[in-house]
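Report on the following structure.
There are 2 protein chains.
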Amino acid sequence: MTPKILPLNQLHNGKCGSCARNKLCFGRFLADSNAAEQLDFEISNRILHRGDHIFYSGQEFSSLYMVRSGHVKTVMVTEDGEEQITGFPGPGDSIGADGLAAGQYAVDAIALDTVSICTLHFDHLLRTSTGEEDVQRLLLTLFSEMIFGNEQLLLTLGKLDAQQRMATFLLKQSHAQLRNGCSPVSFTLAMSRADIGNHLNLAVETVSRLLTQFKQRGLIKFNRNDIDWLDIDGLANLSNRREYTLPQMAENLATAQLN
Amino acid sequence: MTPKILPLNQLHNGKCGSCARNKLCFGRFLADSNAAEQLDFEISNRILHRGDHIFYSGQEFSSLYMVRSGHVKTVMVTEDGEEQITGFPGPGDSIGADGLAAGQYAVDAIALDTVSICTLHFDHLLRTSTGEEDVQRLLLTLFSEMIFGNEQLLLTLGKLDAQQRMATFLLKQSHAQLRNGCSPVSFTLAMSRADIGNHLNLAVETVSRLLTQFKQRGLIKFNRNDIDWLDIDGLANLSNRREYTLPQMAENLATAQLN
DNA sequence: AACTATCGTTGATCTATATCAAGTTCAACG
DNA sequence: CGTTGAACTTGATATAGATCAACGATAGTT
């Protein structure tokens, strides 16, 4: 009889601070590595599959979510049904913060592949963190990160052309890989060309053409959604952004771990 | 000898909770009107003039700011100097939250006209609010509002055409007026055509043409930057968004005051 | 293995909005 | 009260990327 083995994205119910993935998640905001013990609020874990909703737009706000593994898309919808993908949260990213102000989630959060996600009941979180200055700061930092990220995205979509947007997107994915201790040059894109196009405000055809073009210019190697290699400096050069070049990426990572 | 009279946007140094403008500012997030007394953190006031910087992009993060009166633009800059105006915070809006995560402000915040602004030293704010669950919630709500606002903007810029974007922008300005107890159909735009164009990702010429077109269709009456009248329902119809129609606006306002 | 639906690629054409080019208006200043 | 410069308007033309159209590849199903 074989011993029972936990799956790679092992479940964890209980205190946030004692979770094995803490360093890649909430812990990445804590300067003191022992401070994780302060994260003594309850979390509960859920596994979702491709297409499952974590929550719906308009649904009453109750919790924040942290992605432990897998990828999600967050979709905002206009009156007349047009959809805008506002982001692709992955491991260590939070979801749902946009719902607090209005009391209801502003987007649909949909799993792109198999996703392990933590539920942080907001009222509980707030009660538990009262008096814990570090935890308060952590929550605000988490929210601040989202504000900053959205502003960066506004800049990317507003002032860069199709090629620059695509390069920036690939570098962002690469950077996220690195943050999670995975290879920044070899990974799988969880989202379809249509999703990328929607997110970057480009037609599917344009996304496809740009990827082909990048491949021909030797900037990336890929097959379908599997990226085998990616020229970070070359793409950074195209994107007019230095922030994702490897040395800079490593530095960002170090900073993220320290703060 | 005439008595000394405070200017309209009267200065207020001391406790936030005792400020006369509290109801239009931090207080708008508090359900209980007496809860304002909980806002016992220190604030200090500054007056700025057109073109003055509240802070610079890259400057070390230290404080959040609340606009008491006047209008501001927040500008993010790319590597190669391209600028994106991410918003036009007005009375009751906060500035600077994007700087917490990285420890430095992400945008330049520049006064568009004469601005009265409150400085909330972040460390002091955090220390004072520790143990105050309502204040913690308030801060997170403030941040959440910005996340939501940026996502709405992403949707507007990504999925609406020039005409719809312009209509949406005018309605947003109108809505902000209403929130501050001013006329939603008669007000002055603090920003130039160039600023509007930059913010909406449109050429100045397109902004000008659309405004002229709206005037010819009887949707707005204006002279230079003074809007004398504005057909809220008509514009809402164009913009494919019902959220800014007058009944809805009044409801939003009521909700905002209750929560 | 053949079938089918979904997703991705590639080429041809079209269009919304940018860009270019001239004015026009207005506020500030000597 | 004429001068200047910035901000705005209006018309003509250009273009990046969308849209339309057709085809190819892949994974899941029977």
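Going down the list, the protein sequences come from chains A and B.
For the first sequence, our numbering gives the first residue as 27, with consecutive numbering after it.
For the second sequence, our numbering gives the first residue as 27, with consecutive numbering after it.
C-beta atoms are modelled at their ideal positions from N, C-alpha and C, and glycine is treated no differently.
Whole-angstrom C-beta distance between residue j and residue i, which should lie under 8 angstroms
i	j	result
residue 138 of chain A	residue 97 of chain A	4 angstroms
residue 219 of chain B	residue 118 of chain B	Residue 219 of chain B to residue 118 of chain B, Cβ: 25 angstroms. No contact.
residue 180 of chain A	residue 261 of chain A	With 8 angstroms as the limit, residue 180 of chain A and residue 261 of chain A do not qualify as a contact, their Cβ atoms being about 21 angstroms apart.
residue 215 of chain B	residue 253 of chain B	7 angstroms
residue 56 of chain A	residue 41 of chain A	About 14 angstroms; that fails the 8 angstroms criterion.
residue 230 of chain A	residue 192 of chain A	About 12 angstroms separates the two Cβ atoms, so there is no contact after all.
Residue i burial status per 10 Å Cβ neighbour count (16 or more: buried)
i	result
residue 208 of chain A	exposed
residue 317 of chain B	Because chain B in this structure spans residues 27 to 285, residue 317 of chain B falls outside the shown range and cannot be described.
residue 201 of chain B	buried
residue 251 of chain B	exposed
residue 199 of chain A	buried
residue 86 of chain A	exposed
residue 132 of chain A	buried
residue 203 of chain B	buried
residue 91 of chain B	buried
residue 46 of chain B	exposed
residue 287 of chain A	Lying outside 27 to 285, the shown extent of chain A, residue 287 of chain A is not represented and no answer is given.
residue 249 of chain A	exposed
residue 238 of chain B	exposed
residue 223 of chain A	buried
residue 153 of chain A	exposed
residue 157 of chain B	exposed
residue 155 of chain A	buried
residue 107 of chain A	exposed
residue 27 of chain A	Per-residue confidence for residue 27 of chain A stands at a pLDDT of 46, beneath the threshold of 50, marking its modelled position as unreliable; no derived number is given.
residue 243 of chain B	exposed
residue 44 of chain A	exposed
residue 116 of chain A	buried
residue 265 of chain A	buried
residue 53 of chain B	buried
Collapsed DSSP secondary structure at residue i in the structure displayed
i	result
residue 78 of chain B	coil
residue 243 of chain A	coil
residue 224 of chain A	helix
residue 135 of chain B	strand
residue 156 of chain A	coil
residue 113 of chain B	strand
residue 129 of chain A	coil
residue 96 of chain B	coil
residue 176 of chain B	helix
residue 205 of chain A	helix
residue 142 of chain A	strand
residue 40 of chain B	strand
residue 67 of chain B	coil
residue 72 of chain B	strand
residue 105 of chain B	coil
residue 249 of chain A	strand
residue 56 of chain A	coil
residue 212 of chain A	coil
residue 257 of chain A	coil
residue 231 of chain B	helix
residue 186 of chain B	coil
residue 83 of chain A	coil
residue 120 of chain B	strand
residue 265 of chain A	helix
| said: Under 8 angstroms, CB to CB, which of the residues in the region 172-190 of chain B have a partner in chain A? | reply: Cβ contacts with chain A come from 172, 173, 174, 176, 177, 178, 179, 180, 181, 183, 184, 185, 186.
| task | Inspect the CB distances between the region 187-199 of chain A and the region 185-196 of chain B and report whether three or more fall short of 8 angstroms. | result | No: fewer than three Cβ pairs fall under 8 angstroms.
| query | In chain order, what residues of the region 203-222 of chain B put their CB closer than 9 angstroms to some CB of chain A? | reply | So nothing in the stretch comes that close.
| said: Three or more C-beta pairs under 8 angstroms: does that hold for the region 98-114 of chain A against the region 154-170 of chain A? | reply: Verdict: no, contact absent.
| query | If you measure beta-carbon to beta-carbon, which residues of the region 157-172 of chain B are closer than 9 angstroms to chain A? | reply | Those would be 157, 158, 159, 162, 163, 165, 166, 167, 168, 169, 170, 171, 172, in chain order.
| message | Along the region 124-148 of chain B, where does the CB come closer than 9 angstroms to a CB of chain A? Name the residues. | response | Correct list: 124, 125, 126, 127, 128, 129, 132, 133, 148.
| task | May I ask you to verify whether the region 126-144 of chain B touches the region 75-91 of chain B, counting CB pairs closer than 8 angstroms and requiring at least 3? | result | The region 126-144 of chain B, when compared against the region 75-91 of chain B, does touch it at the 8 angstroms Cβ threshold.
| field | Cβ pair count under 8 angstroms reaching 3, the region 119-135 of chain B against the region 172-180 of chain A | value | A contact is defined here as three or more CB-CB pairs under 8 angstroms, and the region 119-135 of chain B meets this definition with respect to the region 172-180 of chain A.
| the region 44-64 of chain B: positions lying closer than 8 angstroms to chain A by Cβ | Residues passing the 8 angstroms Cβ filter: none.
| message | Measuring CB atoms only, is the region 108-115 of chain A touching the region 144-164 of chain A, in the sense that at least three cross pairs come out at less than 8 angstroms? | response | At 8 angstroms Cβ cutoff, the stretches do not touch.
| message | Closer than 9 angstroms between beta carbons: that is the criterion. Which residues of the region 89-102 of chain B meet it against chain A? | response | Those residues of the region 89-102 of chain B that come within reach of chain A (Cβ to Cβ, closer than 9 angstroms) are 100, 102.
| the region 246-266 of chain B: positions lying closer than 8 angstroms to chain A by Cβ | Along the region 246-266 of chain B, going in chain order, the ones with a CB nearer than 8 angstroms to a CB of chain A are 266.
| request: Using a Cβ-Cβ cut-off of less than 7 angstroms, list which residues of the region 103-114 of chain B approach chain A; keep chain order. | output: Residues are counted here when their Cβ sits less than 7 angstroms from a Cβ of chain A; for the region 103-114 of chain B these are 104, 105, 106, 108, 110, 112, given in chain order.
| query | the region 221-235 of chain B: which residues have C-beta closer than 7 angstroms to a C-beta of chain A, in chain order? | reply | So the list reads 227, given in the order they occur along the chain.
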